[in-house]
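Going down the list, the sequences are from chains A and B. For any residue, its number in this note's numbering is found by taking its place in the first sequence, counting from 1, and adding 4. For any residue, its number in this note's numbering is found by taking its place in the second sequence, counting from 1, and adding 4. Structure first, then comments.
Number of protein chains: 2
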Amino acid sequence: MKREVDVAIIGAGSGGLSARREVEKKTKNYVVIDGGTLGTTCARVGCMPSKVLIQVAEDFYRRNKHLEEGIHGGDKLTVNTKEVMAHVRKLRDRFVRGVLGGMNSWGQEHFIDEYAKFVDANTLKTKSFEITAKKIILASGSSPAIPDIFKGYESFLITTDSFFELEDLPKSMAVIGLGVIGMELGQAVSRLGVNTIGIGRRKNVCGITDPKLNDYATQKFSELLNLSFAGVEKVEQKKNQLAITTDGKTHYVDKVLVTSGRGAQWQNLNIEALGYDLNNKIIPEFDSETRALTKYPHIFIAGDNSGEKQILHEASDEGRVAGYNAVNEVKAFRPRTPLMVTFSDPNIACSGASYKELTDKGIDFEIGEVSFEGQGRSIVKLKEIGMLRVYGDKKSKRILGSELMAPDGEHLAHLLSWVISQEMNVNEVLNLPFYHPVIEEGLRTALRDLRDKIGGNEDWPLEIKMRL
Amino acid sequence: MKREVDVAIIGAGSGGLSARREVEKKTKNYVVIDGGTLGTTCARVGCMPSKVLIQVAEDFYRRNKHLEEGIHGGDKLTVNTKEVMAHVRKLRDRFVRGVLGGMNSWGQEHFIDEYAKFVDANTLKTKSFEITAKKIILASGSSPAIPDIFKGYESFLITTDSFFELEDLPKSMAVIGLGVIGMELGQAVSRLGVNTIGIGRRKNVCGITDPKLNDYATQKFSELLNLSFAGVEKVEQKKNQLAITTDGKTHYVDKVLVTSGRGAQWQNLNIEALGYDLNNKIIPEFDSETRALTKYPHIFIAGDNSGEKQILHEASDEGRVAGYNAVNEVKAFRPRTPLMVTFSDPNIACSGASYKELTDKGIDFEIGEVSFEGQGRSIVKLKEIGMLRVYGDKKSKRILGSELMAPDGEHLAHLLSWVISQEMNVNEVLNLPFYHPVIEEGLRTALRDLRDKIGGNEDWPLEIKMRL
């Protein structure tokens, strides 16, 4: 059957759904095409279920502080991991229902649950339809990548696509990759009693780029769970287990959770029909501020398949820009200040420019630092682990970026990314209210350290605005 | 013995210690006079030990969520309240040691551990000294006030001065006053198993001024612990207990925690020598931005005894301004944006202008609102209680203030007070990054609600800055 539409959106994930909301404001003649499982990567297999698992793991782990606080019986607490997984799925289903409920309201004519292939730059083919579209939005998402060394051992492998479907957690598990997902899930399952070995290919966790923070964080996380930074040296099947050798030691595990990257989903789209060669995993060139492909300005790209950072709020932004530009005069939109959080315990986060970015650009910056060991509220919480590093421009005294490992770090990262967005200098930030006793006072200590290093401002002798 | 100093500081609490730091930058000829217990109200009997108690109470209370998460044995957890109090004191002592350690470094000549009385506006008398001072800083603090109805029942009364010294918590307790301290400690002891009745004089908790939020919060807190809003109608001793009647019902309690206000400490200072009459509890008139007394511009006032809000970071600010102005040309300093937090669960907080302040001033404002029931991360945390109201100016679209009850509300309150400090409008705030899934997304929902009510800005169709 043939259909002619103003806009065809490939992918009903976070990018595609955000795009649809903008498209729908201008035209009812659009279609969203997705032959896969609905509900978004975020709600089904990403942000949401992982946070539920982490919450349970943290609640269970807290028993280790009970005795110090005068609470008894914590050593008798047990966790039923089948029930944990059922709880995770119960809440996940609530989040997915929310997404699907939103989709129900559009009307059936706007959705095709089949896969799309390009015929040419304005024509898509699905099993039942041939769709001619004035504008096309590509939001086909990403999927977990499997390293070659594990080819042939598929029955042992878990990815985030299958992890949350597990009836029960395995007794032992290797987690491959110590990025955001690996550290979040690795720490959580370790706390829930899974004999876990986390394996990265270099001494780094959660994409930290600040060398001092990375030294601290790799050390601290190594004390909290088994980590190896030597990569996977050898894989062999031994009866019902995989024998994985890393750093010269062999670990026998029931399952392997692969979190070593997500690849943009371009396969099966027949993107080659547009003259692109994806063999080398090259993403078609596009303008990140309009989302338009350079070669085909009527095609826009949004979400994980753009190969940029796979972060929900950025995927949504990209979707909105793509959707807006598909039905309006094309405009460029400035990306928000970067903000990236790993929901490990303590949180890892980066706000604004990373250490590496500043160094690569040759920017003359100074670093303010605080340790959360001995920080007031961290003492109260019995969570004295953490270090925050904040980067300030030596001349303008502006806050440029920060990397941190801290209790409640997710909140500090918001504050930091907000003042960076506002292009505030360190004196201006120190004039803001900090309550007592809060984790934010740790941030203030780091800001004072930065201020002392780059020189204060005589107009602000007390960190309070003078009435001039 | 006679001494002549540049600056005499009365009170070695948070206000006086902050003042001293500024004074010391300009003169070594100063003295701090305090005949009371050292270590600050904050560290000894205020902010810090209360946060420790709250932390234990929350950790113990969390067992109520365990079964839902697949954690077993939570119903067998017990709390040893003697050990809890010992833990509270252990951490309190660490905080107090920090304060005292700081004092040791000044040198003995700078401290007199006696009480001071005014002889005249430049002369103070202590037990051993007569001190002539060019400048005087008054930072004598506050102490708990006891309502008349409890006079004669002193053996049953606890204040924050004695609470943290309790060897054990009583079996039953009435908490008088549902302000910040009453709600924090009342909820904590209730969660730790004390049969608690919290009694306020009107249907209000934590000083909330927003009527809708107050209705919600009083309702929700009433579900979490026993509260009466009818005041204390009758008090009688019945054997070893006090019989307290409120709302027509009589409660038999072992102890009464009085948190119905703190009075500025002016007694024994012989302030009458300066011609002030304090009989009517009138605080000497002063300029809040210079801290100087109107009648005696060489005398400055800082901290709780100024009769303003009793908030640590404000007391510190006042101390710094008083100290600075005692040794420099007198300058006016603009107070920071208001920020007030009750560390109840959920937190209650007010940032910027309160509802009452805006209404009293006749400001034309609109309200954005969010419920945390059904909010993503609140679902994950199993903490679906809360409501946030944010006030925006109808014309400028600027954020003016907010009152909230929310999980992690302390962090939201910081974000809000910071954007209010920056005089940002709602469009600008919506352009800031909000990660996913975070409690901050609840704040965003309220901001979107506000934006939709006061009208968005065509330049910001996607909440993202256009490249113009």
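Ideal Cβ placement from N, Cα and C applies to all residues, glycine included.
Roughly how many whole angstroms lie between the Cα atoms of residue i and residue j?
i, j, result
"residue 193 of chain B", "residue 347 of chain B", "14 Å"
"residue 252 of chain A", "residue 315 of chain A", "35 Å"
"residue 69 of chain B", "residue 150 of chain A", "37 Å"
"residue 125 of chain A", "residue 303 of chain A", "8 Å"
"residue 218 of chain A", "residue 447 of chain A", "18 Å"
"residue 309 of chain A", "residue 204 of chain B", "57 Å"
"residue 158 of chain B", "residue 188 of chain B", "23 Å"
"residue 261 of chain B", "residue 78 of chain B", "29 Å"
Does the distance from the C-beta atom of residue i to that of residue j stay below 7 Å?
i, j, result
"residue 394 of chain A", "residue 450 of chain A", "yes"
"residue 61 of chain B", "residue 196 of chain B", "yes"
"residue 13 of chain A", "residue 36 of chain A", "yes"
"residue 22 of chain B", "residue 46 of chain B", "no"
"residue 148 of chain B", "residue 92 of chain B", "no"
"residue 232 of chain B", "residue 180 of chain B", "no"
"residue 27 of chain B", "residue 331 of chain B", "yes"
"residue 75 of chain B", "residue 83 of chain A", "yes"
"residue 237 of chain A", "residue 249 of chain A", "yes"
"residue 441 of chain B", "residue 350 of chain B", "no"
"residue 417 of chain B", "residue 325 of chain B", "no"
"residue 403 of chain B", "residue 423 of chain B", "yes"
"residue 49 of chain B", "residue 164 of chain B", "yes"
"residue 268 of chain A", "residue 146 of chain A", "yes"
"residue 436 of chain A", "residue 425 of chain B", "yes"
"residue 34 of chain B", "residue 56 of chain B", "no"
"residue 81 of chain B", "residue 67 of chain B", "yes"
"residue 359 of chain B", "residue 414 of chain B", "no"
Which stretch, first to last residue, makes up the beta strand (DSSP E) that contains residue i?
i, result
"residue 458 of chain A", "Counting along the chain, residue 458 of chain A falls outside any beta strand (DSSP E), though it belongs to the alpha helix (DSSP H) covering 444-458."
"residue 344 of chain B", "343-346"
"residue 200 of chain B", "199-203"
"residue 321 of chain A", "Segment 316-331 is the alpha helix (DSSP H) holding residue 321 of chain A; no beta strand (DSSP E) there."
"residue 192 of chain A", "Counting along the chain, residue 192 of chain A falls outside any beta strand (DSSP E), though it belongs to the alpha helix (DSSP H) covering 184-195."
"residue 274 of chain B", "Unbroken run through residue 274 of chain B: none, as it is neither H nor E."
"residue 211 of chain A", "Premise fails: residue 211 of chain A is in no beta strand (DSSP E) and is neither H nor E."
"residue 267 of chain A", "266-268"
"residue 8 of chain A", "6-14"
"residue 240 of chain B", "238-242"
"residue 153 of chain A", "Segment: none, residue 153 of chain A is in no beta strand (DSSP E) and carries neither H nor E."
"residue 396 of chain B", "391-397"
Going by beta carbon distance, what residues of the same chain come within less than 6 Å of residue i, once the five residues before and after it are set aside?
i, result
"residue 464 of chain A", "431"
"residue 224 of chain A", "389"
"residue 162 of chain B", "259, 261"
At what residues does the alpha helix (DSSP H) containing residue i begin and finish?
i, result
"residue 215 of chain B", "215-228"
"residue 86 of chain A", "85-108"
"residue 360 of chain A", "359-364"
"residue 418 of chain B", "413-425"
"residue 55 of chain A", "51-65"
"residue 165 of chain A", "164-167"
"residue 278 of chain A", "Counting along the chain, residue 278 of chain A falls outside any alpha helix (DSSP H), and DSSP gives it neither H nor E."
"residue 431 of chain B", "430-434"
"residue 247 of chain A", "Element bounds for residue 247 of chain A: not the alpha helix (DSSP H) but the beta strand (DSSP E), 245-250."
"residue 19 of chain A", "18-28"
Between residue i and the rest of its own chain, which residues show a CB-CB distance below 8 Å, the 5 nearest in sequence each way excluded?
i, result
"residue 133 of chain A", "5, 6, 7, 116, 118"
"residue 400 of chain A", "429"
"residue 103 of chain A", "21, 42, 43, 44, 47"
Leaving out the 5 sequence neighbours to the left and right, which residues in its chain are closer than 7 Å to residue i when beta-carbon positions are compared?
i, result
"residue 174 of chain A", "198, 258, 259"
"residue 230 of chain B", "200, 201, 202"
Note to self: At a CB distance below 7 Å, what residues from the region 326-340 of chain B approach chain A? Give them in sequence order.
What the structure shows: Taking 7 Å as the Cβ-Cβ cut-off against chain A, the residues of the region 326-340 of chain B that qualify are 328, 335, 336, 337, 338, 340.
Notebook entry, point to check: For the region 292-320 of chain B, which residues have a beta carbon sitting closer than 7 Å to at least one beta carbon of chain A?
Noted result: Across the region 292-320 of chain B, CB contacts with chain A closer than 7 Å involve 293, 316, 317, in sequence order along the chain.
Margin query: Using a Cβ-Cβ cutoff of 8 Å, what residues of the region 92-122 of chain B are near chain A? List them in chain order.
Written below: Here the close residues are 95, 98, 99.
Notebook entry, point to check: Which residues, in chain order, does the region 47-60 of chain A contribute to contact with chain B at a C-beta distance below 8 Å?
Noted result: Residues of the region 47-60 of chain A with a Cβ closer than 8 Å to any Cβ of chain B, in chain order: 51, 52, 55, 56, 59, 60.
Next item on the list: Note down, in chain order, all residues in the region 62-73 of chain B with a beta-carbon under 9 Å from any beta-carbon belonging to chain A.
Entry: Listed in sequence order: 63, 64, 66, 67, 69, 70, 71, 72, 73.
Note to self: Output needed in chain order: residues of the region 375-395 of chain B with a Cβ under 8 Å from some Cβ in chain A.
What the structure shows: When C-beta distances to chain A are compared with 8 Å, the residues of the region 375-395 of chain B below that value are 380, 381, 383, 384, 385, 386, in chain order.
Notebook entry, point to check: Just by C-beta distance, which residues in the region 225-240 of chain A are closer than 7 Å to chain B?
Noted result: Cβ contacts with chain B: none found.
Item checked: Residues, ordered as in the chain, of the region 437-452 of chain A that lie near chain B by beta-carbon distance below 7 Å -> Result list: 437, 438, 439, 440, 441, 442, 444.
Next item on the list: With 9 Å as the limit, tell me which residues of the region 174-188 of chain B have their beta carbon closer than that to any beta carbon of chain A; keep them in chain order.
Entry: For the region 174-188 of chain B, which is checked against every Cβ of chain A, not one residue is closer than 9 Å.
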